[in-house]
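Its first residue numbered 8, the sequence shown is counted upward by one per residue in our numbering. All C-beta atoms, glycine included, are put in the ideal place defined by N, C-alpha and C. Everything numeric in this text was worked out from a predicted model, so none of it was measured. Below is one structure, written out as structure tokens; comments come after it.
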Amino acid sequence: MNTFLSPVRTLIVPSTAIILFAALLLSACGGKKPPTAPQGGKVKATQKPYMVLGKRYEPLQTHVGFTQEGIASWYGKDFHGKKTSNGEIYDMHAMTAAHKTLPLGVFVKVRNRENGEETVVRVNDRGPFVKNRIIDLSYSAAKKLGVDAKGTAPVRIEALGYRATGASGESYSAPENYDSGNYSVQVGAFKDQQNAKRLSEEMKKLHGYSEVKSAMVNGEQFYRVQAGVFTSLQAAEEAEQRFAEQGYPGSFAVALD
Numbered sequence: 008m009n010t011f012l013s014p015v016r017t018l019i020v021p022s023t024a025i026i027l028f029a030a031l032l033l034s035a036c037g038g039k040k041p042p043t044a045p046q047g048g049k050v051k052a053t054q055k056p057y058m059v060l061g062k063r064y065e066p067l068q069t070h071v072g073f074t075q076e077g078i079a080s081w082y083g084k085d086f087h088g089k090k091t092s093n094g095e096i097y098d099m100h101a102m103t104a105a106h107k108t109l110p111l112g113v114f115v116k117v118r119n120r121e122n123g124e125e126t127v128v129r130v131n132d133r134g135p136f137v138k139n140r141i142i143d144l145s146y147s148a149a150k151k152l153g154v155d156a157k158g159t160a161p162v163r164i165e166a167l168g169y170r171a172t173g174a175s176g177e178s179y180s181a182p183e184n185y186d187s188g189n190y191s192v193q194v195g196a197f198k199d200q201q202n203a204k205r206l207s208e209e210m211k212k213l214h215g216y217s218e219v220k221s222a223m224v225n226g227e228q229f230y231r232v233q234a235g236v237f238t239s240l241q242a243a244e245e246a247e248q249r250f251a252e253q254g255y256p257g258s259f260a261v262a263l264d
């Protein structure tokens, strides 16, 4: 059993005020000066300042040029099936990671400085909120790097960007606008699959797109209904508000795979 779990995982993003303190972003040794925020555009809710254990964190508005050295840890079954900071369900067997300040969705190359092993993970969560640790790996990522047995290891991380697959294979790049992308709105979650299907059919008639996606949460199967397709986070969040006003108060924007 991993004894190096971070004490906090799911976050509620608080204040919308943005005050950049570079010292907070460089708490781990060996990191380059973080890139400045792009001019214009909407700041994602997951990239706004937040507080954990009395400490304020300032997420970066771009990953470009980001490298860092420090200690990696990992988190496993105690968090498996729980919601991550970007709304996904944590899967300890996927190649993902938690970072305190990198934009969520960015792919990161991680190198174990003890054994030279490397792998690429996608940041979908916040953490680790333990002194001197810079990244929390999923169990599978930790195992790939040889971190699972010891619990921690010195690593170097390099932000690659957002993954794209084309004729020449996979590549990584920064988006022109961090608000752009493919989004939908989750309007409900059900234990009964038929109830989820009924709502999805209604949403498909009204909004043109709706899907039911299943997920295990704390050992229970849930069926989540997504409705609508939006090409920016701002448009999805505006739709989220409309859904809430129409009788779906638990609605929230989600990124489409």
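Asked	Found
Simplified DSSP assignment, three categories, for L144	strand
Where F250 sits in the DSSP three-state scheme	helix
Check whether R63 and A105 have beta carbons under 8 Å apart	no
Spatial distance of E252 from I164 (CA atoms)	43 Å
Cβ neighbour criterion (16 or more within 10 Å) applied to Q201	exposed
The segment 75-95 in contact with the segment 156-170 per 3-pair CB rule at 8 Å	yes
Whole-Å CB distance - V128 paired with T103, under 8 Å assumed	6 Å
Spatially closest choice to S147 from S80, N225, E227, by CA coordinates	S80
Those residues which DSSP pairs with D132 across a bridge	A105
For K198, the nearest candidate out of N225, S178, E177 (CA to CA)	N225
Cβ-based burial, R120 [other Cβ within 10 Å; buried from 16]	exposed
Pick from A260, G112, K204 that is closest to T238, judged by C-alpha positions	A260
Nearest candidate by alpha-carbon position, reference Q248, set R205, G83, L111, V192	V192
Residue from V137, N189, V113 with nearest C-alpha to Y82	V137
Residues near H70 by beta carbon distance below 6 Å, same chain, minus five either side	L109, P110, V113, A166
Same chain, Cβ closer than 7 Å to F28, five either side skipped, listed in chain order	With a pLDDT of 32 at F28, under the threshold of 50, the predicted position of this residue should be treated as unreliable, though the coordinate-derived value follows. E65.
Beta bridge counterpart(s) of P161 as assigned by DSSP	I78
Cβ-Cβ distance between V236 and N189 below 8 Å	yes
Residues bridged to Q193 (per DSSP)	Q233, F259
N- and C-terminal bounds of the beta strand (DSSP E) containing S341	A question about residue 341 goes unanswered here, because the residues of the chain that appear run from 8 up to 264.
8 Å Cβ cutoff met for A262 and Y230	no
N139 - DSSP class collapsed to helix/strand/coil	coil
Residue(s) in a DSSP beta bridge with F114	R129, G168
Contacts around G94, its chain only, beta-carbon distance under 7 Å, and the 5 residues preceding and following it disregarded	F259, V261
Close-in-space but distant-in-sequence residues of the same chain around V194 (CB under 6 Å, 5 per side omitted)	V232, A234, F250, Y255, S258
Sub-8 Å separation of E124 and G158 beta-carbons	no
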